[in-house]
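Notes follow once the structure below has been shown.
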Amino acid sequence: MVKKAIGAGILAGLVLFAIFQQFYSADEPLAIEATNATTGINAGMVAPNFTLKNLAGEEINLKDYRGKKVMLNFWATWCPPCKEEMPAMEKFYKENSKEVEILAVNLDPQNNVKGFVEENELTFPILLDEEGSTQQTYSVISIPTTLIIDEQGLILKKHIGSMTIEKMEELMK
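Residue numbers for the sequence shown follow full-length UniProt numbering, beginning at 1 and rising by one.
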């Protein structure tokens, strides 16, 4: 009898805790400034350099893009929000490629990335993070994650989640 009462009390406490969490949890922002991040890369920091291969097997180095704004996007072929933002990224790239470079770092190169790119008619550079080292360096936990890097290589902003073309234009201001 005592065990049942203790079990019921614990169960009631857990239910109350779950209800409290539901009503008092803050909504996660759609976009955050990197300075609000508690770990990893912060706004004002120089973006860590990396060298990754593109789909043609050529090595691409982030430092080669100094002098141009860069939208650094981390994504995967299996990720629904990543798939959702790809047409907007392509449109943004076609309209802004003289001022902004998009570097889309794929995190699942074991999948058919080339087929995905061809099917979606993507023309911006796709880089393959085969070892996961760039994802780790940039502390990317959730995808898609996009960082805006200025012409001097400084990280300006960080956006977690899918983006519309309007959100891309807003982040690049």
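From the three backbone atoms N, C-alpha and C, an ideal C-beta is built for every residue, glycine too.
Judged by DSSP in its simplified three-state form, A88 adopts helix.
Look at K173 here: in three-state DSSP terms it is coil, with no helix or strand label. Residue I148 holds the alpha-carbon nearest to the alpha-carbon of V100 among I126, I148, E85, I60.
The region 49-57 and the region 140-147 do not touch, with fewer than 3 CB-CB distances between them shorter than 8 Å. For V117, the enclosing alpha helix (DSSP H) begins and ends at 113-119.
For T51, the enclosing beta strand (DSSP E) covers residues 51-54. One thing to note: I160 has its Cβ no nearer than 8 Å to the Cβ of F124. Taken through DSSP and simplified to helix, strand or coil, M71 comes out as strand.
For T77, the three-state secondary structure derived from DSSP is coil.
Counting along the chain, T134 sits inside the alpha helix (DSSP H) bounded by residues 133-137.
With fewer than 16 other Cβ atoms from the protein chains shown falling within 10 Å of its own Cβ, M45 counts as exposed.
Inclusion of I126 and N106 in the CB contact set at 8 Å is warranted, their separation being smaller than that value. Annotated three-state conformation of I165 is helix, per DSSP. Across the set T146, K173, E169, the C-alpha of T146 shows the shortest separation from the C-alpha of N42. Taking all protein chains in view, the Cβ of L72 is crowded by 16 or more other Cβ atoms within 10 Å, so the residue is classified as buried.
For L103, the enclosing beta strand (DSSP E) begins and ends at 100-106.
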